[in-house]
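K.L.:
Be aware that the sequence shown starts at 0, since it is given in numbering that gives the first Met the number 0, and climbs by one per residue. Don't be surprised by glycine CBs; every beta carbon is placed ideally from N, CA and C. Note that the structure is predicted; figures quoted are calculated from it, not measured. Sharing a structure with you now.
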Amino acid sequence: MERGAGNTPRASVWARWRVALRLARRQVRRAKGSSTLVVLLIGLPIIALSGAAVFAQSHIATPEQKVTLELGHTQAMIAIAGGPDPSRVQAVNEPGYASIDRDAQGRPLNADRSAPEDPGAVIPTGTTVLSLIEQGAVWVDTVRGTAQVPATAGPAWDPALEGRFWSIAGASPRSDDEAMVSPGLLDRIGAKIGDRLTLTDTDRSFTITGTMSSRQVLPDEPQVFLPASARDLVPGTPVWFTVDWQPDYADFQEMARAGFRVHARDLALQPPAGALIAGANSSFGWTMLLVGAVAAAFCGYLVVLLAGAAFAVAARRQQRFLAVTSSVGAVRADVFRIVVLQGSVLGLVAGTAGAGIGIGLAQAALAATDRGAPTSFWGNWGLQIPWMLLVGIVAFSVAVGTIAAIVPARTATRGDVLGALRGARRPARLNPRRPLWGLGLMILGLTATIVGAVTLATMNAVPDPEYASPARIPLVIALVAGPLVFQIGVIIGGHWTLTVVSRALTRLGLAARIASRDAAANPSRVIPAFAAIAACVFIASFTLSTTAMTNAANRAHYSWLGHPGTVVMTVWNLTADDAGRTADTMRDLMATSRPERTVMLRTPATPAVDPDTGRWADPDAPAWTVAETPPVSDQCSHCAPEASLNSAQVSIVDPAHVATAIGEPLPQDAQRALADGGAVVLATSSGLGDGLVHNGAVTLVRWRAATQDAYNEKLGAYHQGSISASDLPRPEQKLTLPAVTVAPTYPQGLIQVLISTQTAHALGMQPVPQVLLAEYAQPPGDDVVDALTAAAESTRITDRSALHVQVERGPTPIDPVLWLISGVAVVLVIGAGTVCLGLARYERRVDDATLAAVGAGRGLRRRVEAWQAVIVVGLGTVIGTVAGLIPTWGIGQVRSDYLKLADTPWLWLALLGIGLPLVMAAASWLMPPRSPDLTRRTAIA
């Protein structure tokens, strides 16, 4: 026990904290309504943060789970990486992460050598080895025809590989004529367990004994698992798994240098010192924590403001209790502790309950989204709770509750004890310094944004700007921080703003006068509310504006497949031998969708490929491209014309059907050019291919297939500066055709240079199908497109070619995104406004009773409530909307070549800034005030 002045005993600090905590707990229990409100305000974001943390953690594999996904229950996996190289170094935890020594041009320093065929020489004798062929594909008979599906050959169902694969139903194959498939393939071929699976290209068929899937893809995806006897039918990548042996680090390094990719269990789980580790410096985890911290900070900001308003009201309701406490010996520090600890207690309750609810909701979400692929969103690694992170979230909750109670606690310590004992209230006084500080911060924020935006725009306007310049960092910070400083200035000068608004609204009637004066007299309740609303609307205004501006820019640069409503069927890599059959197949398939018109676009035939070598079967076969004339510029040192001979492709069309292809008739001069043996170049929205027409002509380039390959291989070396333009291979011929450039309404990415079928034959080209466009009286529905897509996927063209179906519906509409953003903002604003207006109604019950006692009817009292909604919500939405436009303007200045401020959704912003307060006012007017309690009017000190 300490002694103060006059030897009066004074309790120790710890004893005072204990007493303050006990009194705080009692007050929390007594004020059930305000306590529940604060717990809800703090608990809702805690639920979201906790649930998100558990959900995210459950999608992150532990090191053991990662190894099991790769190895199952085996000890090591071995695959062929390439030829031996004494400099090859591989990461111990990622087989695909390896490096070799290279020269300045990126070429290997060591001579290329033949890759090993199998790891038999490096695996000890007697080791149990499981051999698979993965990443292969086979053609199978389906309900609609045939389809190419991913295939694995070998004992993938072996129990030692459980974890890399998983058996779903049925039994494992026991003979060479049995196989397993995924549930997705079972549905696609219209079969059930026990039926036969037929491989289209062979006379082999297999009995389906069960279903299984790789753990890295969804079971709904088509997959087939064949026995080892079918290895020759699956062209893929051989992989070996050792069940009872794994290399040590020395063997691991030697195997990597010998041309193998190796994944060893112990080395991956416990990397030796000095070993290469993939992802050791990955910032993904820190990025996720940063995103979570930003979200937590924003939520905490809103909660501190709203909970602070609730605490301010609760503290005023406790003024008699606090006065009694002071009268029996409590000093100001004790009063401060009592109120602050109420925030801490409520924060702890909200944090603990919110974390528990968040875990439960996360577990439910994990169960609802688990479809068996843990490496994707549709799967997980089981419930994994990040306890340390949850402890931090609960601590954050306590901190938020504590901070929210500081200002009300500080205000409570300044009260007059005698006045509080008789129930008097002290009116709020305007601090003359705060308006000046607030105005200064608003000017500072605006100035920072303007200076940052204008300076960045000036730096971007120079030729070849340096985007990595350190001078940009403070400018970007100014651009981002300026609007935030502006809002802080508004909050600091908030009482002055309320006073000015009150004077302005006095002339609009009695209801407006009463509501505005009540707001000005209770800044501790009103300012946090409109500050929270302003923060929500600021983010919504900025997001709405930038989203709409970006969408408008993307729409202007959109590359169309065809005009709106057309269905596009494409095919690539066709040889002349496949042309006729493929064209008939494409037309027959498209006819099932009943189009009004179709047009076939062709392209010069692709040379045939030798299936054994992967090279051109005829190196002298012709190949055609279009040359581009690059602009003359001192800024480009590698823009020689010889490096732009492969800039575009030729499309061949019947001139009578061009209107169907591009969605509009060609101009007369373009029609004449096409009919007279010339070309038509379609301008693209992105400006791609602007140099195709030079002096009214376009240049077609004819290559030998082998020469074009060599040209493409050497282009990289030319752009790196290791060779000159004169070292690039030369084409066989350059042909110049008169050309007309046309800017269609729907610039297409698939069509750049058009020539007629007659011109193509005259040049010696062999046209083959490339694109079939179909036009309809009404845009086809999803059912039509889905049926056409399924039929195309089940139609086999060649081993190198497949049909693809797409429908052109135009750029993705932005309205759903704007509705989503606005909806979130509306929910937050309504929540913040409801809290504030509810507190105002609660605190104004005495004033409402006084109005009723002097003759005010329900109509006047309703109008007072409506005007309060206009003041609180209106101030927040208008300030937030204007503040959101500040960085929008700044970004528009920085990217003036792409983003236009005129594309801002002004109607949406008007609805957000003006419409929402009116809706809240109408809702407040419709909610009738409570029947007044005609009690004694509290005195004003």
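#1: Distance check for residue 725 and residue 272, CA to CA, integer angstroms please.
#2: Distance check for residue 266 and residue 119, CA to CA, integer angstroms please.
#3: Run the CB neighbour count on residue 116, radius 10 Å, all protein chains shown included, and call it buried at 16 or more, exposed below.
#4: Whether or not the stretch 592–603 and the stretch 648–655 are in contact is what I'm after, with contact meaning three or more pairs of Cβ atoms, one per stretch, closer than 8 Å; do they touch?
#5: Count the CB pairs spanning the stretch 535–546 and the stretch 878–898 that are closer than 8 Å, and state whether there are at least three.
#6: Could you tell me whether the Cβ atoms of residue 27 and residue 349 are closer together than 8 Å?
#7: Is the beta carbon of residue 584 sitting closer than 8 Å to the one on residue 607?
#8: For the candidate residues 469, 453, 295, 377, whose alpha-carbon lies nearest to that of residue 391?
#9: Report yes if the CB atom of residue 831 is closer than 8 Å to the CB atom of residue 482, and no otherwise.
#10: If you measure between the beta carbons of residue 78 and residue 236, is that distance less than 8 Å?
#11: Please go through the same chain and pick out, in chain order, the residues whose beta-carbon is closer than 8 Å to the beta-carbon of residue 876, but skip the five residues on each side of it.
#12: Cβ of residue 299 less than 8 Å from any chain B Cβ?
#13: So what does residue 701 bridge to, in DSSP terms?
#14: Please state whether DSSP places residue 562 in a helix, a strand or coil.
#15: Considering only their Cβ atoms, is the gap separating residue 734 from residue 762 smaller than 8 Å?
#16: Kindly indicate the opening and closing residues of the beta strand (DSSP E) around residue 165.
#17: Might you give, ordered along the chain, the residues of its own chain that have their beta carbon closer than 7 Å to the beta carbon of residue 572, omitting 5 neighbours on each side?
#18: Assign residue 98 to one of three DSSP states: helix, strand, or coil.
#19: Within the same chain, show all residues whose beta-carbon is closer than 7 Å to that of residue 925, passing over the 5 residues directly before and after it, in chain order.
#20: For residue 593, which of 263, 165, 777, 448 has the nearest alpha-carbon?
#21: Considering only the beta carbon of each residue, do residue 152 and residue 167 sit closer than 8 Å?
#22: With distances taken from CA atoms, which of 661, 514, 98, 774 is nearest residue 850?
#23: Spatial neighbours of residue 518 within its chain, please: C-beta separation below 6 Å, excluding the five flanking residues on both sides.
#24: Run the CB neighbour count on residue 1012, radius 10 Å, all protein chains shown included, and call it buried at 16 or more, exposed below.
#25: Evaluate the contact criterion for the stretch 552–568 versus the stretch 732–750: three or more CB pairs, one atom per stretch, below 8 Å.
#26: Can you tell me which of 378, 887, 905 puts its alpha carbon nearest to the alpha carbon of residue 448?
#27: Quick check on residue 792: buried or exposed, where buried means 16 or more other Cβ atoms within 10 Å of its Cβ?
#28: Out of 889, 644, 822, point me to the one whose CA is closest to residue 727's CA.
#29: Based on DSSP bridge pairs, tell me the residues matched to residue 261.
#30: Leaving out five residues before and five after residue 820 in sequence, what residues of the same chain have Cβ atoms less than 8 Å from its Cβ?
#31: Does the distance from the CB of residue 269 to the CB of residue 570 come in under 8 Å?
#32: What does DSSP give as the partner residues of residue 618 in its beta bridges?
#33: My output table needs one value for residue 800: the three-state DSSP class, helix, strand or coil.
#34: Note down the Cα distance separating residue 412 from residue 337, rounded to an integer number of angstroms.
#35: Would you please state the rounded distance, in angstroms, between the beta carbons of residue 111 and residue 99? I believe it to be under 8 Å.
#36: Alpha carbon to alpha carbon, how far is residue 736 from residue 698? Give it in angstroms, no decimals.
P.N.:
Inspection of the coordinates gives the following:
#1: Distance between the alpha carbons of residue 272 and residue 725 is about 50 Å.
#2: Answer to the nearest angstrom: the Cα atoms are 21 Å apart.
#3: Under this definition residue 116 is an exposed residue.
#4: Output reads yes: the stretch 592–603 touches the stretch 648–655.
#5: Segments in contact, yes.
#6: For residue 27 and residue 349, no; Cβs fall outside 8 Å.
#7: Contact flag unset, no.
#8: Nearest in C-alpha terms to residue 391, of all of 469, 453, 295, 377, is 295.
#9: Against a cut-off of 8 Å, the Cβ pair of residue 482 and residue 831 comes out as no contact.
#10: Yes, these two residues count as a Cβ contact at 8 Å.
#11: Result list for residue 876: 532, 533, 536, 828, 911, 912, 913, 915, 916, in chain order.
#12: The question asks about chain B, but that chain is absent: this structure has only one protein chain.
#13: Residue 701 is bridged to 623, 732.
#14: Residue 562 falls in the coil class under three-state DSSP.
#15: Contact check for residue 762 against residue 734 passes: the beta carbons are separated by less than 8 Å.
#16: For residue 165, the enclosing beta strand (DSSP E) covers residues 164–169.
#17: Taken in chain order, the residues that qualify are 605, 799, 800.
#18: Looking at residue 98 - three-state DSSP - the assignment turns out to be strand.
#19: Cβ neighbours of residue 925 beyond the five flanking positions: none.
#20: Considering only alpha carbons, the answer is 777.
#21: No, Cβ-Cβ distance for residue 152 and residue 167 is not below 8 Å.
#22: Of the listed residues, the one whose Cα sits closest to residue 850 is 514.
#23: If you ignore the 5 residues before and after residue 518, its C-beta comes within less than 6 Å of the C-beta of 497, 525, 870, all in its own chain and listed in chain order.
#24: This structure gives no information on residue 1012, because the portion of the chain shown stretches from 0 to 940.
#25: Yes, the stretch 552–568 is in contact with the stretch 732–750.
#26: Answer by Cα proximity: 887.
#27: By the C-beta density criterion, residue 792 is buried, having at least 16 other C-beta atoms within 10 angstroms.
#28: Selected option, being the one with the closest Cα: 644.
#29: BP columns for residue 261 point to 77.
#30: Within the same chain, Cβ atoms closer than 8 Å to the Cβ of residue 820 are found at 539, 542, 543, 546, the five residues on either side in sequence being excluded.
#31: If you check the CB distance, residue 269 and residue 570 do not come in under 8 Å.
#32: The partner list for residue 618 (beta bridge, DSSP) is empty, contrary to what the question assumes.
#33: Of the three classes helix, strand and coil, the one that applies to residue 800 here is strand, per DSSP.
#34: One alpha carbon belongs to residue 412, the other to residue 337, and they sit about 10 Å apart.
#35: About 11 Å; that fails the 8 Å criterion.
#36: Near 6 Å, if we compare the C-alpha coordinates of residue 736 and residue 698.
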